[in-house]
Amino acid sequence: MFLGHFGLGFAGKKLAPALSLGALFLAVQLADLLFWILVLLGVEHFRIAPGATAVTPFDFYDYPWSHGLAALAVWGLVLGSFIYIGRRHRVAAVVFGLGVVSHWFLDAFVHRPDMPVFLRGPYAGLGLWNSVPLTVAAELLVFGGGIAIYARTTRATDRTGKWAFWSLVVFLVAAWVASIAGPPPPTERVVVWSGLAMWLFVPWGYWIDRHRAVRVR
Ligand SMILES: [Zn+2]
């Protein structure tokens, strides 16, 4: 899943207004952000396998530390604790931790049964990626819902707050469409480096957050 994770990140602002959108993106995307680093380090593995599913040409066959449910629970607990220690804000800490774990459940909807529960299985996955229409519907539903919640929870305090937000929405959708409609990437290396570029969404989220305020009701 791609857009859906960001949808939950946007929605998280309503649950924990104290968390920056950048921190929320870090939480919901931590699994993927870690994955590309671990692949680069040779710790985790995937291969390009055109036709692996209707949506994605990748075979994710070894990623227990970034995409295991148990591992993500530990990551969420550790990072959530850091937030609690640093900010003394229980809601922010809990929402961050749950955001980290949410990645597993969203991915388990779309992935084949390759999502480890513990480090060496059992493996879960409902395989929504076998259907393009179902994947598109699910991604747009969660993403659209998150955008709607975020737009109602916050307001731009200047022009940047408006354009930084909507340009990110357009950029994410464009990147997602390109990944579904485009040809499979030529090499694993290309995939890893474009995957690492996803770290840019974290500062982008912080940037948006600094130019938007939570609406008071
Ligand atoms: Zn993932």
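Here the sequence shown is numbered in my numbering, starting from 917 and rising by one per residue.
Using N, Cα and C, we set each Cβ at its ideal position, and we do this for glycine too.
These figures come from a predicted structure and were not determined experimentally.
Cβ pair L921, H1027 closer than 8 Å
Per the sequence shown, the amino acid found at residue 921 is His instead of Leu. No, the Cβ-Cβ distance between H921 and H1027 is not below 8 Å.
How about G1013 and G1002: are their beta carbons less than 8 Å apart?
Contact flag unset, no.
What are the residues that DSSP puts in a beta bridge with F974?
When beta bridges are read from the DSSP output, F974 appears opposite I964.
What is the DSSP secondary structure of G1037, reduced to helix, strand or coil?
Strand at G1037.
Residues of its chain near A932, where Cβ-Cβ distance is below 6 Å and the 5 sequence neighbours each way are ignored
Contacts found: V1007, A1008 and V1011.
Determine the DSSP secondary structure at T1070, reduced to helix, strand or coil.
When secondary structure is reduced to three states using DSSP, T1070 falls in the strand class.
I want to check one thing, is the minimum distance from the CB of H983 to the heavy atoms of ligand 1 below 7 Å?
Yes.
So, for W1045: in the same chain, excluding its five sequence neighbours on each side, which residues have a beta-carbon less than 8 Å away from its beta-carbon?
Excluding residues within five positions, the ones whose Cβ falls inside 8 Å are T969, A970, V971, T972, V1026, H1027, R1028 and T1051.
Answer yes or no: do V1130 and T1070 have a C-beta to C-beta separation smaller than 8 Å?
In contact: V1130 and T1070 (Cβ atoms closer than 8 Å).
Skipping 5 residues on each side, what residues in its chain have a beta carbon closer than 7 Å to that of A989?
Contacts found: V1017.
Just the Cα atoms here: how many angstroms apart are R1075 and A1067?
When rounded, the distance between both Cα atoms is 15 Å.
Cβ separation of G1111 and W952, assumed to be a contact under 8 Å, to the nearest whole Å
Right, their Cβ atoms sit about 4 Å apart.
Would you give the residue range spanned by the alpha helix (DSSP H) that A1009 belongs to?
Residues R1006 to V1026.
Run of the alpha helix (DSSP H) containing R1126, from where it starts to where it stops:
From DSSP, the alpha helix (DSSP H) with R1126 extends over F1117 to R1126.
State whether the segment 947-966 contacts the segment 975-992, with contact taken as three or more CB pairs (one from each stretch) at a distance under 8 Å.
The answer is yes - the segment 975-992 touches the segment 947-966, with three or more Cβ pairs under 8 Å.
Local Cβ density within 10 Å of R1004, reported as buried at 16 or more and exposed below that:
The residue is exposed, with fewer than 16 neighbouring Cβ atoms inside 10 Å.
Short of 8 Å in beta carbon distance, which residues of its chain neighbour V1085, apart from the five on each side in sequence? Order them along the chain.
The beta carbon of V1085 is closer than 8 Å to those of I1063 in its chain, skipping five residues each way along the sequence.
Top-ranked residue by Cα proximity to Y979, from F1081, G958, S1083 and V1118:
Nearest C-alpha to Y979 among F1081, G958, S1083 and V1118: G958.
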